[in-house]
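Shown next, in structure tokens, is the structure this report addresses.
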Amino acid sequence: MPEGHSVHRLARQFDDVFGGQVLCVSSPQGRFAPGARLIDGHRLVSSHAHGKQLFLGFENELVLRVHLGLYGAWSFGGDEEFSGASSIGAPRKVGESEQGPDTGEGPYAGPPEPVGQVRARLVSAHGWADVRGPSACEVLTIEQAALIRTKLGPDPLTAAAGEFEQSKGRGTPAGHQSAARAARKEFVSRLAARRTPVGIALMDQSLLAGVGNIYRAETLFRTRLDPFKPSSKISSRKAGVLWDDIVAIMADGVRDGKIITTHPEHRGEGPVWPENAYYTYQRQGRTCRLCTGQISMAEAAGRKLYWCPDCQRPARD
DNA sequence: CTAGCATGATCAC
DNA sequence: TGATCCTGCTAGC
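Going by the working numbering, the first residue of the first sequence is number 6, and it counts up by one from there.
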């Protein structure tokens, strides 16, 4: 599934293309038909990402919550009013990123016939959005949506989202800075309270929201942390460094629309994307970009974990 | 053609 | 820990 950076781009995309507009909402597949009826014909008034979840607020005080899970993806299309990336979701092959816009042939004549299992379709005067394969797609009250968000940890992209809010004339710089500081502090404090390995902790959305398998592997390498080190044994200084690194690489992800974590001086021959994008993710058995050792891979809590045993030594910190 | 896999998460035992 | 949700691409018959 897309990690947090993709969902933040999605939130921005919805705001840009559908914000303030009345939407026709349907469920071509049928499974979302009851929910679609609740918001069909209502105006989209807010679009927000928290971790990997997207919250679309409608004028009738209902909220559409979408979590793409492992397979979900959104696709967009429409007339020239539609700009930017038009397919955001689960990659189908290694290194896949967002697809170009579907502008169709000739004048825009409405959305195409649904392809595959389209759970929900949103349509405005200028374009459409389809979501397929989400693990969650439901309509909630504002209170229900807020309750779900209280169960999520701080989102490293809160600060980056703040820049976006400012560009839209909302919020204040000081407010965002203090919110970003609070998020950092909360992460450091929550991490110290856990005995689970840091490599497991980073995947827990109640600790911090938005990090997935790629960002986990990459930030642990960049900060030279042993994935198996108990979270509570990491110093608060180091935990802060870890948070700052996550913020940096995820903000880059929002900017670029893909995950690139390598520094230029550590890249080999060939294009940056995708073969030079990562330090450890899916590089098991290959030579580390920084030392002469090999990248390792192990299954941990049902997910594949990648790391360099030499660069991320247990005794390093 | 089919089995296997994927940047998730929840539920049951 | 393992099954399950659920979609589509890919490697391998």
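Cβ coordinates follow ideal geometry from the N, Cα and C atoms, glycine included. Please read these numbers as outputs of a predicted model, since none were measured by experiment.
Just mark residue 172 as buried or exposed, buried being the case when its beta carbon has 16 or more other beta carbons within 10 Å.
Its pLDDT being 49, under 50, residue 172 is placed unreliably in this model, and the coordinates cannot settle the point.
Using the Cβ count rule (16 or more neighbours within 10 Å means buried), how would you classify residue 75?
Burial call: exposed.
Using the three-state DSSP reduction, which class does residue 172 fall into: helix, strand or coil?
Reliability of the predicted coordinates at residue 172 is poor, the pLDDT of 49 falling under 50, and no value is obtained from them.
Apply the 10 Å Cβ neighbour rule to residue 303 and answer buried if 16 or more other Cβ atoms are within range, or exposed otherwise.
With fewer than 16 Cβ atoms within 10 Å of its Cβ, residue 303 is classed as exposed.
By the three-class DSSP mapping on this structure, what secondary structure does residue 195 have?
Helix, per DSSP.
Would you say residue 195 and residue 158 are within 8 Å of each other, going by their C-beta atoms?
Their beta carbons are under 8 Å apart, which means residue 195 touches residue 158 by this criterion.
In the stretch 120-157, which residue ranges form an unbroken beta strand (DSSP E) of at least 3 residues, counting only runs that do not cross its ends?
Fully enclosed beta strand (DSSP E) runs of 3 or longer: 123-128, 132-137, 141-146.
Taking Cβ to Cβ, would you say residue 252 is nearer than 8 Å to residue 150?
Not in contact: residue 252 and residue 150 (Cβ atoms no closer than 8 Å).
Starting from the C-beta of residue 25, find all residues in its chain whose C-beta is less than 8 Å away, skip the five residues before and the five after it, and write them out in chain order.
Only 48, 49, 50 meet the Cβ criterion.
Using the three-state DSSP reduction, which class does residue 227 fall into: helix, strand or coil?
Residue 227: helix per DSSP, three-state reduction.
Is the beta carbon of residue 123 closer than 8 Å to that of residue 33?
Yes.
Using only the alpha-carbon positions, how far apart do residue 274 and residue 299 sit?
Spanning the two alpha carbons is a distance of roughly 18 Å.
With DSSP run on the structure shown, which of helix, strand or coil describes residue 79?
Strand at residue 79.
Tell me the residue span of the alpha helix (DSSP H) that contains residue 247.
Segment 241-261, the alpha helix (DSSP H) holding residue 247.
For a quick check, are the C-beta atoms of residue 22 and residue 132 less than 8 Å apart?
Contact: yes.
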